[in-house]
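Visitor: Quick note, the sequences are listed as chains A and B, same order.
Under our numbering, the residue at position 175 of the first sequence is numbered 175, and the numbers go up by one with no gaps.
Residues are numbered in our numbering as their position in the second sequence, beginning at 1, plus a constant of 181.
Built from N, CA and C at the ideal position, the CB exists for glycine as well.
Keep in mind the model is a prediction, meaning the values are calculated, not measured.
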Amino acid sequence: MSQSRKVYGLGAEFESAASLMSAAEKIRDAGFSHWDVHTPFPIHGMDKAMGLGKSNLSAVVFVGGLLGFLTGISLVTIPSFFIYPMIVHGKPYTWATLPAFFPIIFELTVLFSAFTAVGTMFAMNQLPRLHHPVFNWDRFTRFTDDGFLMVIEARDSKFSESRTKALLEEIGAKNVTLIHD
Amino acid sequence: MADSSVKLETPHELVRPALVDHGRSIQWVTENVSNIVESSTPKWWLLSFCITSPIALMGLICIVYQISNGVGVWGENHPNGWAWDITNFVFWIGIGHAGTLISAVLFLTRQKWRTSINRAAEAMTLFAVVCAGIFPAIHVGRVWYAWFLAPIPNTNAIWPNFRSPLLWDVFAVSTYFSVSVLFWFVGLIPDLATLRDRAKSRVAQIIYGVLALGWRGGNRQWRHYEMAYLLLAGLSTPLVLSVHSIVSFDFATSIMPGWHTTIFPPYFVAGAIFGGFAMVLTIMLPAARIFPQINDMITRNHVDKMAKIILLTGSIVGYAYLMELFVAWYGANKFEGFTFFTARANIDGKGWYQWAYWIMMFCNVISPQIFWFKKMRTNYVVVFVVCQFVNVGMWFERFTIIVTSLAQDFLPSSWGHYSPSTTEILTFVGTFGIFLSLFLLFMRFLPMIAISEVKGVTPEADPHNHHLKH
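1. Under a CB-based cut-off of 8 Å, is residue 262 (chain B) close to chain A?
2. Report the neighbours of residue 28 (chain A) on chain B: residues whose CB is nearer than 9 Å to its CB, in chain order.
3. Could you name the residues of the same chain whose beta carbon sits closer than 7 Å to that of residue 180 (chain A), not counting the 5 residues immediately before and after it, in chain order?
4. Taking Cβ positions only, does residue 145 (chain A) come closer than 8 Å to chain B?
5. I want to verify the contact list: residues of chain A whose CB lies under 7 Å from the CB of residue 349 (chain B), in sequence order.
6. Are the segment 550–559 of chain B and the segment 219–228 of chain B in contact at 8 Å, needing three or more beta carbon pairs?
7. When the distance is taken between beta carbons, is residue 501 (chain B) closer than 8 Å to residue 444 (chain B)?
8. Which chain A residues sit within Cβ distance under 7 Å of residue 633 (chain B)?
9. Give the straight-line distance between the Cα atoms of residue 598 (chain B) and residue 257 (chain B), rounded to the nearest whole angstrom.
10. When you compare the CB positions of residue 635 (chain B) and residue 487 (chain B), do they come within less than 8 Å of one another, or not?
11. Got a sec, what are the start and stop residues for the beta strand (DSSP E) residue 175 (chain A) sits in?
12. Do the segment 331–342 of chain B and the segment 390–403 of chain B touch if we need at least three Cβ pairs shorter than 8 Å?
13. Going along the chain, which residues of its own chain have a beta-carbon closer than 7 Å to the beta-carbon of residue 586 (chain B), five neighbours each way excluded?
14. Listed in chain order, which residues of the segment 77–106 of chain A have Cβ atoms closer than 8 Å to some Cβ of chain B?
15. Determine the DSSP secondary structure at residue 512 (chain B), reduced to helix, strand or coil.
16. May I have the straight-line CA-CA distance separating residue 160 (chain A) from residue 645 (chain B), to the nearest angstrom?
17. With a threshold of 8 Å, are at least 3 pairs of Cβ atoms found where one atom belongs to the segment 506–515 of chain B and the other to the segment 571–590 of chain B?
18. Alpha carbons only, please: which of A:83, A:112, A:121, A:166 is nearest the one belonging to residue 355 (chain B)?
19. Could you check which residue in B:574, B:559, B:217, B:411 has the C-alpha nearest to that of residue 627 (chain B)?
20. So for residue 12 (chain A), helix, strand or coil by DSSP?
21. Note down, in chain order, each residue of its chain lying with its Cβ closer than 6 Å to the Cβ of residue 377 (chain B), except the 5 sequence neighbours on either side.
22. I'd like to know whether the C-beta atoms of residue 277 (chain B) and residue 310 (chain B) end up nearer to each other than 8 Å.
23. Along the segment 382–403 of chain B, where does the CB come closer than 8 Å to a CB of chain A? Name the residues.
24. Distance cutoff 8 Å, beta carbons only. Does residue 45 (chain A) sit that close to anything in chain B?
25. Which residue from B:547, B:558, B:563 puts its Cα closest to that of residue 575 (chain B)?
26. Using a Cβ-Cβ cutoff of 7 Å, what residues of the segment 439–461 of chain B are near chain A? List them in chain order.
27. By Cβ distance, which residues of its chain are closer than 7 Å to residue 67 (chain A), with the 5 residues on each side in sequence left out?
28. Is the segment 360–372 of chain B close to the segment 81–92 of chain A, with three or more CB pairs under 8 Å?
29. Is residue 131 (chain A) buried or exposed, if buried means 16 or more other CB atoms sit within 10 Å of its CB?
30. Given this structure, state the Cα-to-Cα distance separating residue 51 (chain A) from residue 293 (chain B), to the nearest angstrom.
31. So for residue 651 (chain B), helix, strand or coil by DSSP?
32. Report the neighbours of residue 378 (chain B) on chain A: residues whose CB is nearer than 9 Å to its CB, in chain order.
33. Residue 484 (chain B) and residue 420 (chain B) - do their beta-carbons sit closer together than 8 Å?
34. Taking CB distances under 8 Å as the criterion, tell me whether residue 293 (chain B) reaches chain A.
35. Closest Cβ-Cβ distance between residue 360 (chain B) and chain A: below 8 Å?
36. Taking only the alpha-carbon atoms, compute the straight-line gap between residue 103 (chain A) and residue 350 (chain B) and give it to the nearest angstrom.
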């Protein structure tokens, strides 16, 4: 890779989940904002160690579920109550017979919520994405095996090639590497 | 005041057994699960596939034959308008429930032992639902009109009847299938990334690369990922309970004696979990034999726990059977009493299908009672044999419910025997071929154990464990 290319950031490797977690706390306290840790599995407590709050995905899913619920109500009531008001199965078309319509309303609520959850998760995580600069780091793919990695992006205002590298090495990082775009 | 210098140690008997045996490292997990996919095709796999795929093909030929000739090629006739077709549908859809139960309900209840079996169980769910969907679809007769079930205003502006349990079924089963696919795929993404990063051939790199969607495992991704997974689990839990409840409504909302009971939804759900766990073990025990390395992840402890669930749900099912008999007697409804005591249990010698009823009773209620003994729960041969009894028993349960009620209902003049046609039998056998072929393909091309989740329950994954270095 030619050195003239733009620097994306610095990659660092840590020994274990525990050492990565304490390193993350230090990077958080140093005031970095554009950085991430890449791990084979979600590490419990890492959100706090990185200073991240609760994901607000659930709020979006609530809206999706509500939409499904309203779709379900409209789908079953409009044809059965207004377009063809008929007594079927001995069940009249009043609101008192809503239990007979409930299964479909429920299923649509779940269906819409589930698709919203997955779609929103993809959007928030910027997936699918066929390429990303972090893959230019030859050791990056270790994160799907047993690597505990940290990447600090160059666009962070605190980033400096030499000082950030020194900081990472000080907090126990190995193989600190420059990643190019 | 307690002395703070006293070291608190968990008493020996309260220490939970390790979820991964032999203290394997996370690197070992990656290596040994990916290896199943990456190594060259084993001989036993080719041999099994050579057996299952012609059976699947035979099933497909029967389906084509049925579609081109009409439902007359089946043994169904008045008064048995439903028989093997709906029996098979309920049988397969019931099996499908274990996967979601393991992935969603055990996830919400923080049962960490689910991690090594959830992937295969979810795959099994999808394939079972595929097999289940075949039967009601072709049972409608003119399959090309099946789209009438969808709520689309057609040229005559006719809408489906939203008050019909059969339409509820369409919504429930299709939602269940879609949500199960989503749940399964979301769980697969990190493991597909593992296969992507290990792939040697260009083709594998491209396929797994595209399927992994560019997963980077950043904590900023895991945060949303875990929330999405939690929400899917929370949504799937009521969904899985609703699906089999709705399947039971097909019967419970009718007026047939033996069907018209309020106990059906919980009884069907318990039966579905019961039959589903038996099928999970039916598949996983041979798999653990073929791939000895997964024995460290699917341990005796796991099998023991699954056997306990089979015992619990089997006993709930047994309770439901007895309660049905009690209510038939206590309710003093002549027809209800006739269905249970004559048509099914045959205490007066006038029933036709007592063999089905007593096979069901033996297989579902008596055989799992052996699981009260830990020695039996951890003996793979015993577990496998009992699971086969359960598989058979659960099929006979649905057969008993459907056929005994229809064959001998209110008027003796309208009674009629039922026997399946060859096409019907071969179609059912064919679905086993479809199910097993799909499962074999899954084992060969996708990680059958959730790699990232198993890693997450190893001691190494504990961020407070500073002693372990790898």
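Guide: Looking at the coordinates:
1. Contact of residue 262 (chain B) with chain A is not assigned, every C-beta pair being separated by 8 Å or more.
2. When 9 Å is used as the limit between beta carbons, residue 28 (chain A) is near no residue of chain B, the shortest such separation being about 11 Å.
3. Only 1, 5, 6, 7, 8, 136 meet the Cβ criterion.
4. At a cut-off of 8 Å between C-beta atoms, residue 145 (chain A) counts as an interface residue with respect to chain B.
5. Annotation: Cβ neighbours of residue 349 (chain B) in chain A (cutoff 7 Å, chain order): 103, 104.
6. With the cut-off at 8 Å, the segment 550–559 of chain B and the segment 219–228 of chain B do not touch.
7. Result yes, Cβ atoms of residue 444 (chain B) and residue 501 (chain B) sit closer than 8 Å.
8. Per Cβ cutoff of 7 Å: 40, 41.
9. One C-alpha to the other measures close to 10 Å.
10. Annotated as distal: residue 635 (chain B) and residue 487 (chain B), with beta-carbon spacing of 8 Å or more.
11. Start and end: 174–180.
12. Flag = no, the segment 331–342 of chain B and the segment 390–403 of chain B do not touch.
13. Here the set comprises 437, 438, 439, 440, 520.
14. Answer set for the segment 77–106 of chain A: 79, 80, 83, 84, 88, 89, 91, 97, 100, 101, 103, 104, 106.
15. Residue 512 (chain B): coil per DSSP, three-state reduction.
16. The C-alpha of residue 160 (chain A) lies about 31 Å from the C-alpha of residue 645 (chain B).
17. No, the segment 506–515 of chain B does not touch the segment 571–590 of chain B.
18. The residue among A:83, A:112, A:121, A:166 with its C-alpha nearest the C-alpha of residue 355 (chain B) is A:112.
19. Nearest to residue 627 (chain B) by C-alpha distance, out of B:574, B:559, B:217, B:411, is B:217.
20. Residue 12 (chain A) falls in the strand class under three-state DSSP.
21. Sequence-distant partners of residue 377 (chain B) (beyond 5 residues in either direction) whose C-beta falls short of 6 Å from its own C-beta, in its chain, are 389, 390, 393.
22. Less than 8 Å divides the Cβ of residue 277 (chain B) from the Cβ of residue 310 (chain B).
23. Residues passing the 8 Å Cβ filter: 390, 391, 394, 395, 396, 397, 398, 399, 400, 401, 402, 403.
24. Yes, its Cβ sits closer than 8 Å to a Cβ of chain B.
25. Nearest of B:547, B:558, B:563 to residue 575 (chain B), Cα basis: B:547.
26. Look at the segment 439–461 of chain B: it has no residue with a C-beta under 7 Å from a C-beta of chain A.
27. Excluding the 5 residues flanking it on each side, residue 67 (chain A) has same chain C-beta neighbours closer than 7 Å at 112, in chain order.
28. No, the segment 360–372 of chain B is not in contact with the segment 81–92 of chain A.
29. Flag for residue 131 (chain A) reads exposed.
30. Computed Cα separation, rounded: 27 Å.
31. Its pLDDT being 43, under 50, residue 651 (chain B) is placed unreliably by the model, and the measurement read from it follows with that caveat. Reduced to three states, the DSSP call for residue 651 (chain B) is coil.
32. Chain A residues near residue 378 (chain B): 140, 141, 142, 143, 144, 145.
33. No, Cβ-Cβ distance for residue 420 (chain B) and residue 484 (chain B) is not below 8 Å.
34. Residue-level contact by beta carbon fails for residue 293 (chain B) and chain A, as no gap is shorter than 8 Å.
35. Judged by the 8 Å Cβ criterion, residue 360 (chain B) is in contact with chain A.
36. For residue 103 (chain A) and residue 350 (chain B), the distance between alpha carbons rounds to 9 Å.
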